[in-house]
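Undergrad: I have a structure I would like to understand better, so I am pasting it below and will then ask my questions one at a time.
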Amino acid sequence: MADQQAQDPVFQIQRVYLKDLSLEQPNSPAILLEQTQPTVDIQLGVDAQPVADGIFEITVSATVQTKIEDRTVFLVEAKQAGIFEIRNLPEDQMGPILGIACPQIVYPYLRGNVADVIQRGGFPPVHLAEINFQAMYEQQQAQAAGQAAPTLAQ
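Position 143 of the sequence shown, counted from 1, bears residue number 143 in UniProt numbering, the numbering being contiguous throughout.
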């Protein structure tokens, strides 16, 4: 029986943590008096790195930049990470686990931390939208294979 347990699939969250967070307001305080509505640009990324045998760090990063014309109102860069133990899964399931399941667990923490730091900077919070990590993963896989990404129905 012990041999069977050694082969059972394992998926456990070891830890979720804020890896990096920065807020810059290079044009404050003058730009805070502007009446013009700023533009908001949000970039997201996912990275998976093996840490040890069966242990992986998944990092979801966000860059949120607001500008009025060519002047930055604020710039937030954040990385939220999780350490996951993943063992005894078929190789073809590892990509989706690392690229979809793990980021879905980490992302809500990133959303909360980004909204919080923006609000602490004196701005209305920017709430990052829900992300379809499956669509994002499939698009990355298609690009890696040199194909056009399939059209994804919402």
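All C-beta atoms in this analysis are idealised placements derived from N, C-alpha and C, irrespective of residue type, glycine included.
Which same chain residues end up closer than 7 Å to residue 129 when comparing Cβ atoms and leaving out the 5 residues on each side of it in sequence?
TA: Closer than 7 Å at Cβ, skipping near neighbours: no residue.
Undergrad: Could you say which of 57, 131 and 117 lies nearest to residue 125 if we only look at CA atoms?
TA: Cα-wise, what sits closest to residue 125 is 117.
Undergrad: Distance, Cα to Cα, residue 17 vs residue 29?
TA: About 32 Å.
Undergrad: Taking residue 56 as the reference, give the member of 121, 35 and 95 with the closest Cα.
TA: Residue 56 has its Cα closest to that of 95, out of 121, 35 and 95.
Undergrad: Given residue 134, which residues of its chain have a CB within under 7 Å of its CB, disregarding the five upstream and five downstream residues?
TA: So the qualifying residues of the chain are 100.
Undergrad: Helix or strand or just coil, what does DSSP make of residue 37?
TA: Coil at residue 37, not helix or strand.
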